[in-house]
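A quick write-up on the structure given underneath.
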Amino acid sequence: MDARPHIEAELARLERRLPVLPGQCKPDRALEAFAREARPLTADPPAELEAYIHQRLNCMLAEAGLAPEGELCTRQG
Numbered sequence: 091m092d093a094r095p096h097i098e099a100e101l102a103r104l105e106r107r108l109p110v111l112p113g114q115c116k117p118d119r120a121l122e123a124f125a126r127e128a129r130p131l132t133a134d135p136p137a138e139l140e141a142y143i144h145q146r147l148n149c150m151l152a153e154a155g156l157a158p159e160g161e162l163c164t165r166q167g
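Taken in order, the sequence shown gives residues 91 to 167; the numbers are from this note's numbering.
So this is what it looks like as structure tokens:
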């Protein structure tokens, strides 16, 4: 079974959720809430998609201004 469609759907869901998280919790807790929601993707990802998943999550955080200092977004296809 190809896990990629499920992973893409979950990444899209997280990308939609990210802008509303600061309004649903204290702004300084938005990163923690995002990490909690991303846990199903990061806990045990398929080895061949692990780097891709982390890259996409880092880009989402960078674009939302929530990336840790020094984290850069390098979008890949």
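Note that CB positions come from ideal geometry on N, CA and C, so glycine has one too.
Since this is a predicted model, take the numbers as computed values, not measurements.
**OP:** State the Cα-Cα distance for the pair Y142 and P112, rounded to the nearest angstrom.
**Re:** As a first step, residue 142 is located in the sequence shown; it is residue number 52 there, counting from the start. As a first step, residue 112 is located in the sequence shown; it is residue number 22 there, counting from the start. Whole-angstrom Cα-Cα distance: 25 Å.
Subject >> Exposed unless 16 or more other CB atoms sit within 10 angstroms - verdict on R146 >> reply: Within the sequence shown, the letter at position 56 stands for residue 146. R146 is buried by the Cβ-count criterion.
Subject >> Bounding residues of the alpha helix (DSSP H) (the contiguous stretch that carries G113) >> reply: For this step, residue 113 is matched to residue 23 along the sequence shown. Its alpha helix (DSSP H) spans residues 111 to 114.
Original post:
So, helix, strand or coil for L151, using DSSP?
Top reply: Looking up residue 151 in the sequence shown gives position 61. Correct three-state label for L151: helix.
Original post:
For E127 versus L104, is the C-beta spacing smaller than 8 Å?
Top reply: Your numbering for residue 127 matches position 37 in the sequence shown. Your numbering for residue 104 matches position 14 in the sequence shown. Going by C-beta atoms, E127 is nearer than 8 Å to L104.
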